[in-house]
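So the structure is just underneath, and the comments pick up after that.
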Amino acid sequence: MTAQKAERLMNLTICLLVARNNIAKDRIRQAVEGYHGLTDEAFDRMFDRDKDELRVLGVPIEVGPVTRGFEDEVGYRIYRDKFELPEISLEADEAAVIGLAARVWQHARLASATWQGLRKLKAGGVDLDESAIAILEPQLVSAEPAFDAVLDAVTSRTPVGFDYRASSAVEHTTRSFEPWGIASWHGHW
Numbered sequence: 153m154t155a156q157k158a159e160r161l162m163n164l165t166i167c168l169l170v171a172r173n174n175i176a177k178d179r180i181r182q183a184v185e186g187y188h189g190l191t192d193e194a195f196d197r198m199f200d201r202d203k204d205e206l207r208v209l210g211v212p213i214e215v216g217p218v219t220r221g222f223e224d225e226v227g228y229r230i231y232r233d234k235f236e237l238p239e240i241s242l243e244a245d246e247a248a249v250i251g252l253a254a255r256v257w258q259h260a261r262l263a264s265a266t267w268q269g270l271r272k273l274k275a276g277g278v279d280l281d282e283s284a285i286a287i288l289e290p291q292l293v294s295a296e297p298a299f300d301a302v303l304d305a306v307t308s309r310t311p312v313g314f315d316y317r318a319s320s321a322v323e324h325t326t327r328s329f330e331p332w333g334i335a336s337w338h339g340h341w
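For what it's worth, the working numbering labels the leading residue of the sequence shown as 153, then goes sequentially.
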């Protein structure tokens with residue numbers, strides 16, 4: 153997704169989220185950066201694609217009349233109570249499991265993401281008992297030189313290539329594969 157498209161989708165979401173009433177398409181076209189300067193047909197296609205994409209992402213765009221009692225003009229809106237996530241409340245044992253799971257990965261690339269998630273939970277009011285977590289502290293570490301490259305390929309869904317020489321061949325060939333996940337087998341990744 154391009155930066156322009158991401159910004160347009162974000163602006164559309166904000167526009168529909170702050171609205172007190174349903175907003176007509178022509179007002180949305182004027183208010184949202186990225187819709188300016190388009191022909192009517194191009195705007196209609198882009199707006200329909202943007203609505204579909206936001207809905208796929210879970211944004212509940214509601215459709216209804218702009219003016220009550222007059223069904224001829226359709227408007228759009230996002231109701232805050234349907235869009236926002238509910239309060240997170242975890243039992244002590246659930247919070248301990250999340251904290252323990254975060255401690256499993258000591259690998260530098262994953263540690264920052266897990267600790268960032270824990271900080272967000274703490275900021276949201278979840279009480280993480282660090283002493284209960286420290287009782288059992290499994291660690292998964294990797295000294296494999298290709299671990300980072302394969303992890304990147306898994307998360308970005310891209311193929312990985314490597315040089316290979318069959319026992320019966322003189323020349324090296326390049327092989328490629330698409331990793332779907334990473335697993336440890338008898339201490340090897």
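The C-beta atom is built at its ideal place from N, Cα and C for all residues, glycine as well.
Can you tell which of the options has the C-alpha that lies nearest to the C-alpha of residue i?
{"i": "P212", "options": "F199, M198, Y228 and V218", "result": "Y228"}
{"i": "E246", "options": "Q182, Q268, L273 and E223", "result": "L273"}
{"i": "I334", "options": "A321, V302, R317 and R232", "result": "V302"}
{"i": "Y187", "options": "E236, G269, P297 and M162", "result": "M162"}
{"i": "W341", "options": "A295, D233, S308 and A321", "result": "A295"}
{"i": "P331", "options": "S319, V312 and T325", "result": "V312"}
{"i": "T326", "options": "F314, S319 and S320", "result": "F314"}
{"i": "L242", "options": "V215, L270, V218 and F222", "result": "L270"}
{"i": "A171", "options": "S320, S336, Y231 and E236", "result": "Y231"}
{"i": "T310", "options": "A298, H324, F329 and V322", "result": "F329"}
{"i": "R220", "options": "N173, D178 and D204", "result": "N173"}
{"i": "S336", "options": "E223, F199, A244 and F299", "result": "F299"}
{"i": "L169", "options": "V215, S319 and G189", "result": "V215"}
{"i": "F199", "options": "K234, T154 and R160", "result": "R160"}
{"i": "A158", "options": "A321, V322, T307 and R201", "result": "R201"}
Would a C-beta distance cut-off of 7 Å place residue i and residue j closer than the cut-off?
{"i": "L206", "j": "V184", "result": "no"}
{"i": "A176", "j": "E225", "result": "yes"}
{"i": "I240", "j": "G276", "result": "yes"}
Tell me residue i's beta-bridge partners as DSSP assigns them.
{"i": "V337", "result": "Note on identity: in this sequence residue 337 is Trp, with Val being the wrong assignment. DSSP output for W337 lists H340 as bridge partner(s)."}
{"i": "D327", "result": "A small correction: the amino acid at residue 327 is Arg; Asp does not occupy that position in the sequence shown. Its beta-bridge partners are F314."}
{"i": "A176", "result": "G227"}
{"i": "G216", "result": "G227"}
{"i": "F222", "result": "T219"}
Among residues of its own chain, excluding the 5 on either side of residue i, which ones have a beta-carbon nearer than 8 Å to its beta-carbon?
{"i": "C167", "result": "I175, I180, A183 and V184"}
{"i": "E236", "result": "none"}
{"i": "Y316", "result": "H324, T325, T326 and R327"}
So, for residue i: in the same chain, excluding its five sequence neighbours on each side, which residues have a beta-carbon less than 7 Å away from its beta-carbon?
{"i": "Q151", "result": "Residue 151 is absent from the structure shown; the chain starts at 153 and stops at 341."}
Do we get a CB-CB distance below 7 Å when we pair residue i with the residues of chain C?
{"i": "V215", "result": "Protein chain content of the structure displayed is limited to a single chain, and chain C is not contained in it."}
Excluding sequence positions up to five away, which residues of its chain have a Cβ less than 6 Å from the Cβ of residue i?
{"i": "Q268", "result": "none"}
{"i": "P217", "result": "E223"}
{"i": "K203", "result": "I213"}
{"i": "K234", "result": "P212"}
Checklist entry - Looking at C-beta atoms only, is the number of pairs between the stretch 187-200 and the stretch 234-252 that lie closer than 8 Å three or more? => result no
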